[in-house]
Amino acid sequence: MELTLAILKPSAIERCLVGEIISRIQKKGLIIAGMKMMQLDEKILREHYAHLVDKPFFPSIVKSMTASPVVVMALKGVDAVKVYREMTGVTNGRNAAPGTLRGDLCMSGQANIVHASDTPENGKIEVARFFKPEEIFDWMPADKEFYYGDDEFRQ
Ligand code: ADP
């Protein structure tokens, strides 16, 4: 099964949206394989947002992502990266579709409450960036046959 990285950004922490976001993730059926609170710094953000380091707004990203601790989660599931990315919605909350986390819960392109890995390869890289191996738990719900059919579960 795939792993994908979720970050509940300072805009989610400060606005008390953590419970709502985790509730939606769990109701969907994504499995929380790892979860912790941490304070990000510029070093890890330069790695995580390497594709944006040269943009003029990068200092503003650092400011907003370090404004409070964040909650990081490793989510597990069949096609977890695609499923959670679609749940997240497009970057700017004002353009994100209703029903998505950003579409329902934020009004900003920067303070957009959550991060989602964009490819399975990046899912692995990003989970490894934020979690030690022993912080990822290899568990499945006891009633897993109610989450997936037999054929899907083998993927
Ligand atoms: P996404 O988070 O949807 O994958 P990107 O990887 O393009 O989007 O950007 C990473 C994050 O950087 C965004 O979620 C947002 O918080 C911030 N960001 C992106 N573009 C801008 C911008 N033009 N101005 C300010 N912040 C931005």
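Under our numbering, read the sequence shown as residues 433 to 587, first letter to last.
Think of the CB as a built atom: it goes at the ideal place given N, C-alpha and C, for glycine as much as any other residue.
Check, Outcome
"Identified DSSP bridge partners for residue 557", "Partner(s): none; residue 557 has no beta bridge."
"Contained beta strand (DSSP E) runs [length at least 3] in the stretch 483-513, N- to C-terminal order", "502-509"
"Residue closest to residue 635, alpha-carbon to alpha-carbon, out of 440, 469, 559", "Outside the shown range of the chain (433 to 587) lies residue 635, about which nothing can therefore be said."
"Endpoints, the alpha helix (DSSP H) within which residue 533 is located", "533-537"
"C-beta contact flag for residue 517 and residue 486 at 9 Å", "no"
"Contact under 9 Å by Cβ, residue 507 with residue 463", "yes"
"Residue 493: CB within 8 Å of a non-hydrogen atom of the ligand ADP", "yes"
"Closest residue to residue 436 among 473, 488, 515, 584 (Cα-Cα distance)", "515"
"The beta strand (DSSP E) enclosing residue 439, as first and last residue numbers", "434-440"
"Cα-Cα separation between residue 564 and residue 556, rounded to whole angstroms", "12 Å"
"Nearest candidate by alpha-carbon position, reference residue 450, set 504, 472, 480, 497", "504"
"Closer than 8 Å: residue 458 CB and nearest the ligand ADP heavy atom", "no"
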